[in-house]
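Protein chains: 2
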Amino acid sequence: MLHTEISWSDTEKKIADKAFKKAYDLETATLISQIRSKASEIVEVDDLWHLHDLLSARRHQLDGKYDHRDSVLIFVFAQLVKEGWLHLDDLKGLQPEKLAKITALTRM
Amino acid sequence: MLHTEISWSDTEKKIADKAFKKAYDLETATLISQIRSKASEIVEVDDLWHLHDLLSARRHQLDGKYDHRDSVLIFVFAQLVKEGWLHLDDLKGLQPEKLAKITALTRM
């Protein structure tokens, strides 16, 4: 599957944008909740640096994962479905070929 | 004042270690309290990245500031006194010349 094969109609772009935002909002809300909980348990300075390391890692990971380029969106969605931040239902309306690719990728 | 002029007796080293630890413990405890408070106010993802930026900056700053080398200890103590993490009383027992230098530096 070459990236250049994939084109997105305007309708698909709207569906993709909405799904992308939904997953991002859900994953970051979950992270916020984790960080608030971890921060409330900080007792010593090592706990503080562990929190900092965790934030550094998660920020880097999120920056890399939420790649909005059309050419990689199929892979991004497959990963988000796999991780539970998105359901295939959220992608309803995309071309059947795209949905089939995403579904196949979630099984890898 | 050349760094090489400064020598520390064993007694002075003990006083310095204790004062150094006291300031570090106080400053990091204050930071822990600030971070816990800020974390409890996180609502959106931008707040999270602000917390991360703050932790990055403060960690870097603390790493640089708490320099335990004998050659720079006079300057470190002056800064800690100036910032309120240490009192001159905590350094009682150091040679009068050192205390005078520290006191003078806190006024700069």
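Protein chains in written order, with numbering that gives the first Met the number 0: chain R, 0 to 107; chain X, 0 to 107. For glycine and all other residues, C-beta sits at the position ideal for the given N, C-alpha and C.
Residue i, DSSP secondary structure in three states
i: LEU93 (chain R); result: strand
i: SER70 (chain X); result: helix
i: SER55 (chain X); result: helix
i: LEU87 (chain R); result: helix
i: LEU1 (chain X); result: In this prediction, LEU1 (chain X) scores a pLDDT of 49, lower than 50, which makes its location untrustworthy; the coordinate-derived value is nonetheless stated afterwards. LEU1 (chain X): coil per DSSP, three-state reduction.
i: GLU43 (chain R); result: coil
Residue i - containing alpha helix (DSSP H), residue span
i: TYR23 (chain X); result: 9 to 39
Closer than 8 Å to chain R by CB, residue i
i: TRP48 (chain X); result: yes
i: GLY51 (chain X); result: One detail in the question is off: residue 51 (chain X) reads as His in this sequence, not Gly. With 8 Å as the cut-off, HIS51 (chain X) counts as an interface residue toward chain R.
i: THR27 (chain X); result: yes
i: LEU85 (chain X); result: no
i: SER70 (chain X); result: no
i: ILE41 (chain X); result: yes
i: ALA38 (chain X); result: yes
i: LEU1 (chain X); result: Interpretation of LEU1 (chain X) is limited by its pLDDT of 49, a score under 50 that renders its predicted location unreliable; no figure is taken from the coordinates.
i: LEU79 (chain X); result: no
i: LEU54 (chain X); result: yes
Short CB-CB distance (under 8 Å) between residue i and chain X
i: ALA121 (chain R); result: Residue 121 (chain R) is absent from the model: chain R starts at 0 and stops at 107.
i: LEU30 (chain R); result: yes
i: VAL44 (chain R); result: yes
Inter-residue CB distance, residue i and residue j (contact presumed, cutoff 8 Å)
i: GLY92 (chain R); j: ILE14 (chain R); result: 5 Å
i: LEU85 (chain X); j: LYS20 (chain X); result: Incorrect: roughly 11 Å between the Cβ atoms, too far for contact.
i: LEU25 (chain X); j: LYS37 (chain X); result: Incorrect: roughly 19 Å between the Cβ atoms, too far for contact.
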